[in-house]
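Just below is one structure, and these are the notes that go with it.
In our numbering, the protein residues as written are 10 to 242.
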């Protein structure tokens, strides 16, 4: 492992910048959501009402809209067929709430129309889950037994996490694009309200970019540290 005056250089080069970017992304989404949560929409729809309207417009009647606790915990669960809206979204008429509700509804629409990237993401989830808990023990075993093959398997397993984050990007961007287009075309939001919803969803998208950057940074660090080890298999 490369050190400089006792400091792990790979951590400074790869991990710290990714960590700072992630913190900035989280601050950005919290700031944007907080700002536009104070801006009521002219038509006065709540987040739940917008979700119901958009689902019905797309012929989706088997998805249940639920009120869940928390802040920005909104999600669509394809297994349970539930669209889960948080405290700040479900009953709120703000521009931010409507944007988030429309975004999550966009995921339900993706499933309904068979959007390919979301199918790809779901297909690799089992492998990603395996990689997330198995990569480090396998790398550790490779070090203990001086086996570059085991180390490489561990790195490959971690790479599936980065792949998952990469596939997630088009899924999230598409859901946001669907949301904005639908809100605008249906006159649910107007003018500066659309601008506000875009700002919230753009900030939210940064968190997914940050997750990909973090995964890639860790992958590069693993490759730098372990990729060049001698194979004593």
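Cβ atoms here follow ideal geometry from the backbone N, Cα and C, with glycine treated the same way.
Could you check whether residue 217 and residue 181 sit closer than 8 Å to each other, using their CB atoms as the reference points? As a first step, residue 181 must be located in the chain shown, where it is residue number 172. As a first step, residue 217 must be located in the chain shown, where it is residue number 208. Yes, these two residues count as a Cβ contact at 8 Å.
With distance defined between alpha-carbon atoms, name the residue in 118, 174, 34 nearest to residue 67. One-based indexing of the chain shown puts residue 67 at position 58. Nearest C-alpha to residue 67: 118.
Can you check whether the CB of residue 94 is closer than 8 Å to the CB of residue 42? Start at 1 with the first residue of the chain shown, and residue 42 comes out as number 33. Start at 1 with the first residue of the chain shown, and residue 94 comes out as number 85. Residue 94 is positioned such that its CB atom lies no closer than 8 Å to that of residue 42.
What's the gap between the Cα of residue 40 and the Cα of residue 208? Here residue 40 is taken as the residue at index 31 of the chain shown, counted from 1. Here residue 208 is taken as the residue at index 199 of the chain shown, counted from 1. Each residue's Cα considered, the two are about 10 Å apart.
Taking the alpha carbon of residue 171 as the point to measure from, which residue in 146, 137, 34 has its own alpha carbon closest? Residue 171 sits at position 162 when you count from the first residue of the chain shown. If you compare the alpha carbons of 146, 137, 34 with that of residue 171, the shortest gap goes to 137.
Taking 6 Å as the limit between beta carbons, can you name the residues of its chain near residue 224, skipping five residues before and five after? Along the chain shown, one-based indexing puts residue 224 at 215. Once the five neighbours on either side are set aside, the close Cβ partners of residue 224 are 170, 171, 174.
Could you tell me which of 29, 162, 60, 187 sits nearest to residue 76, measuring between CA atoms? Position 67 of the chain shown, counting from 1, holds the residue named residue 76. Proximity to residue 76 across 29, 162, 60, 187 peaks at 60, based on C-alpha coordinates.
For the ligand ATP, I want to know if residue 149 counts as a neighbour, meaning its beta carbon is within less than 7 Å of at least one of the ligand's heavy atoms. For the structure depicted, the ligand ATP is absent and the ligand set is empty, with no information on it obtainable.
In the structure shown, what three-state DSSP assignment does residue 81 receive? For the purposes of this step, residue 81 is taken as the residue at position 72 of the chain shown. Three-state result, residue 81: coil.
Tell me, to the nearest whole angstrom, how far the beta carbon of residue 229 is from that of residue 164; I am working on the premise that it is less than 8 Å. Your numbering for residue 229 matches position 220 in the chain shown. Your numbering for residue 164 matches position 155 in the chain shown. Not confirmed; about 10 Å, so no contact.
Whole angstroms is fine: what's the gap from residue 198's alpha carbon to residue 53's? Walking along the chain shown from the start, residue 198 turns up at place 189. Walking along the chain shown from the start, residue 53 turns up at place 44. Spanning the two alpha carbons is a distance of roughly 10 Å.
Would the beta-carbon of residue 109 fall within 8 Å of that of residue 98? Walking along the chain shown from the start, residue 109 turns up at place 100. Walking along the chain shown from the start, residue 98 turns up at place 89. In this structure, residue 98 lies closer than 8 Å to residue 109 by Cβ.
Excluding five sequence neighbours on each side, which residues of the same chain lie with their C-beta closer than 6 Å to the C-beta of residue 202? Your numbering for residue 202 matches position 193 in the chain shown. Within the same chain, and ignoring the five residues on either side of residue 202 in sequence, the residues whose Cβ sits closer than 6 Å to its Cβ are 50, 104.
Report the residue from 79, 177, 83, 71 whose alpha carbon sits nearest the alpha carbon of residue 89. What you label residue 89 is simply residue 80 of the chain shown in a count that begins at 1. Sorting 79, 177, 83, 71 by C-alpha distance to the C-alpha of residue 89 places 71 at the top.
Could you give the DSSP three-state label for residue 170: helix, strand or coil? What you label residue 170 is simply residue 161 of the chain shown in a count that begins at 1. Helix.
Helix, strand or coil: which one does DSSP assign to residue 46? Translated into positions along the chain shown, residue 46 becomes position 37. Three-state result, residue 46: helix.
For residue 144, I'd like the list of residues in its chain whose CB is within less than 6 Å of its CB, leaving aside the five on either flank, ordered along the chain. Start at 1 with the first residue of the chain shown, and residue 144 comes out as number 135. 163, 166, 167, listed in sequence order.
Take the Cβ of residue 113 as the centre, count every other Cβ of all protein chains shown within 10 Å, and call the residue buried at 16 or more, exposed below. Sequence index remark: in the chain shown, residue 113 carries index 104 (1-based). So residue 113 ends up on the buried side.
Closest to residue 140 by C-alpha separation, out of 161, 129, 22, would be which residue? Along the chain shown, read from residue 1 onward, the residue named residue 140 stands at position 131. Minimum Cα distance to residue 140 is reached at 161.
Straight-line gap, residue 233 to residue 19 (C-alpha atoms, nearest Å): The residue given as residue 233 occupies position 224 in the chain shown. The residue given as residue 19 occupies position 10 in the chain shown. Rounded to whole angstroms, residue 233 and residue 19 show a C-alpha spacing of 8 Å.
Identify which residue in 227, 215, 57 has its Cα closest to the Cα of residue 36. Locating residue 36 in the chain shown gives position 27, where the first residue counts as 1. Nearest Cα to residue 36 within the set 227, 215, 57: 215.
Cβ-Cβ distance between residue 179 and residue 146 below 8 Å: As a first step, residue 179 must be located in the chain shown, where it is residue number 170. As a first step, residue 146 must be located in the chain shown, where it is residue number 137. Not closer than 8 Å, so no.
Quickly, what does DSSP pair residue 187 with across the bridge? List them, please. Your numbering for residue 187 matches position 178 in the chain shown. Beta-bridge pairing links residue 187 to no other residue.
Assign residue 73 to one of three DSSP states: helix, strand, or coil. Within the chain shown, the letter at position 64 stands for residue 73. Note: residue 73 maps to strand in three-state DSSP.
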